[in-house]
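Colleague: Take this structure first; my questions come after.
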Amino acid sequence: MVRFKYYPPLFINNLIFLTLTGLFLLFLEFMGAKAWTWIMERVSLDVFVIVIGFTFYLLIFWGVGVPYLLLDRFKKPYSLYKYKIQDIPEERRRKSPKVPLSKAIARVLANQFLGTLPFLTGLFYFMVKLGYTVNVAIPSWWVALLQLAGLILIEDVLFFAAHHTMHRKYFFKKIHRVHHEYRESIAIATHYVHFVEHIVGNLIPVFAGVLLLQPHPFVVLFWIMIVVINALHTHSGYAFPWMAYSVHHDWHHYHVNGSFSAIGLMDQLFGTDKAFNKAKEEYKKKN
Ligand SMILES: [Zn+2]
């Protein structure tokens, strides 16, 4: 039986995200308007959102994803590797069945180029039809903060709904089974999903808030950055204290049930984290 290290949530969890958000809000407040004028003098809005937006997303995904892969591969530096959540003897880990990395990378790239890129393009032109223009105002820091909070909330509600549905027998067998080929997840497995799940479970929850709130493209880029980093980390199998709490999603991959939410909020609301909390308490008593 695999033992989980049930790291408790810490005060410093999300330190990275809080720091990044602070820096982004400062940038928006003091340089946002100037930077936006500078960019719009050089590229059109569609080039900025689709070409630069998609490239930025790829750079973030692989720029953060590859170091996680290297950490898995070399198990060094130990100061980071020690935060591995599933406590499996290395011998057993080596022997356990694995998704070949080349197969995982191929599926992730297919989802990115055949899923994310057309989705982002379609969404952008739909928003332009609704009146989204280069003149969308640079928001003040508190409006941007509220928009980000709204995006997080909308994502958690829709991700929970989609993920919970995917665990119904029919959808699990046809679709979500692919994602659960990883019993001990790795970072890039966040996009190792059936194509339908990539649209319904990954893209719609992330971009529904963009359609509803129509934030400035700078806010959209920042949102993409934090949501991608968070998705990679919560699938990484590590519980770095300075990152978002990731133990519940790792537990979900191992047990293939419960803890469906992205940030835990909806699980608390619907009580779908009961089994996880019970196991956590038992672990605490024993250790
Ligand atoms: Zn699942």
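Sequential numbering of the sequence shown, starting at 1323, is according to my numbering.
Here a beta-carbon is modelled for each residue, glycine too, at the ideal position from N, C-alpha and C.
Since this is a predicted model, take the numbers as computed values, not measurements.
Which residue's Cα is closest to the Cα of H1516: L1535, V1532, S1507 and M1488?
Modeller: The shortest C-alpha separation from H1516 is found at M1488.
Colleague: Mind checking Q1469: buried by the 16 CB within 10 Å criterion, or exposed?
Modeller: It is buried - the Cβ of Q1469 has at least 16 other Cβ atoms within 10 Å.
Colleague: Take H1574 and list the residues in its own chain whose beta-carbon comes closer than 6 Å to its own, dropping the five residues that flank it on each side.
Modeller: Cβ within range, chain order: S1581.
Colleague: Could you tell me if the beta carbon of M1588 falls within a distance shorter than 7 Å of some heavy atom in ligand 1?
Modeller: The answer is no for M1588.
Colleague: Is it true that the CB of G1531 sits closer than 8 Å to the CB of E1603?
Modeller: No, Cβ-Cβ distance for E1603 and G1531 is not below 8 Å.
Colleague: If you count every other CB in all the chains shown that lies within 10 Å of the CB of M1547, and 16 or more means buried, which is it?
Modeller: Flag for M1547 reads buried.
Colleague: Quick one: using the 10 Å Cβ neighbour count with 16 as the cut-off for buried, is R1586 buried or exposed?
Modeller: It should be pointed out that residue 1586 corresponds to Gly in this sequence rather than to Arg. Per the 10 Å Cβ criterion, buried.
Colleague: DSSP three-state label for K1406, please.
Modeller: Residue state, collapsed to three classes: strand.
Colleague: Looking at the structure shown, is Y1560 part of a helix, part of a strand, or coil, going by DSSP?
Modeller: Strand, per DSSP.
Colleague: Can H1574 be considered in contact with ligand 1, in the sense that its beta carbon sits closer than 7 Å to one or more heavy atoms?
Modeller: True, at least one ligand heavy atom lies under 7 Å from that Cβ.
Colleague: So, with DSSP's three-state summary, where would you put R1490?
Modeller: DSSP places R1490 in coil when its eight states are reduced to three.
Colleague: Roughly how many whole angstroms lie between the Cα atoms of I1361 and L1467?
Modeller: Looking at the two C-alpha atoms, the distance is approximately 23 Å.
Colleague: Please find out if some non-hydrogen atom of ligand 3 comes closer than 7 Å to the beta-carbon of H1489.
Modeller: Ligand 3 is not part of this structure, which contains only ligand 1.
Colleague: Less than 8 Å separating the beta-carbons of I1407 and G1559?
Modeller: Their beta carbons are under 8 Å apart, which means I1407 touches G1559 by this criterion.
Colleague: When you compare the CB positions of G1375 and L1543, do they come within less than 8 Å of one another, or not?
Modeller: Against a cut-off of 8 Å, the Cβ pair of L1543 and G1375 comes out as a contact.
Colleague: For the putative contact between V1569 and F1326, defined by C-beta atoms under 8 Å, what is the C-beta separation to the nearest angstrom?
Modeller: Rounded, the Cβ-Cβ distance is 7 Å, consistent with contact.
Colleague: With distances taken Cα to Cα, identify the nearest neighbour of I1338 among D1595, Y1576 and I1551.
Modeller: For I1338, the nearest C-alpha among the options comes from I1551.
Colleague: Taking just the CA atoms, how far does S1401 sit from W1564?
Modeller: Taking the straight line joining both Cα atoms gives about 13 Å.
Colleague: Which of the three DSSP states is assigned to F1448 in this structure?
Modeller: It is helical.
Colleague: Please list the terminal residues of the continuous alpha helix (DSSP H) segment that includes Y1528.
Modeller: First, the amino acid is wrong: residue 1528 is Val here, not Tyr. That run of the alpha helix (DSSP H) goes I1526 to L1535.
Colleague: Hey, V1421 and Y1492: beta-carbon distance below 8 Å or not?
Modeller: Their beta carbons are not under 8 Å apart, which means V1421 does not touch Y1492 by this criterion.
Colleague: Beta-carbon within less than 8 Å of S1418's beta-carbon, same chain only, minus the 5 sequence neighbours each way: which residues are those?
Modeller: I1410, R1505 and E1506.
Colleague: Under the three-state reduction of DSSP, which class applies to F1333: helix, strand or coil?
Modeller: F1333: coil per DSSP, three-state reduction.
Colleague: Compute the minimum distance between the beta carbon of H1516 and the heavy atoms of ligand 1, and state whether it is under 7 Å.
Modeller: No, the beta carbon of H1516 sits no closer than 7 Å to any heavy atom of ligand 1.
Colleague: Below 8 Å, can you find three or more Cβ-Cβ pairs linking the stretch 1590-1604 to the stretch 1352-1360?
Modeller: No, because fewer than three Cβ pairs between the stretch 1590-1604 and the stretch 1352-1360 fall closer than 8 Å, the two stretches do not touch.
Colleague: Quick one, which of L1342, Y1576, L1332 and I1508 has its alpha-carbon nearest L1423's?
Modeller: Of the candidates L1342, Y1576, L1332 and I1508, the one whose C-alpha sits nearest the C-alpha of L1423 is I1508.
Colleague: Measuring CA to CA, which of F1481, H1486 and L1533 is closest to V1450?
Modeller: The shortest C-alpha separation from V1450 is found at L1533.
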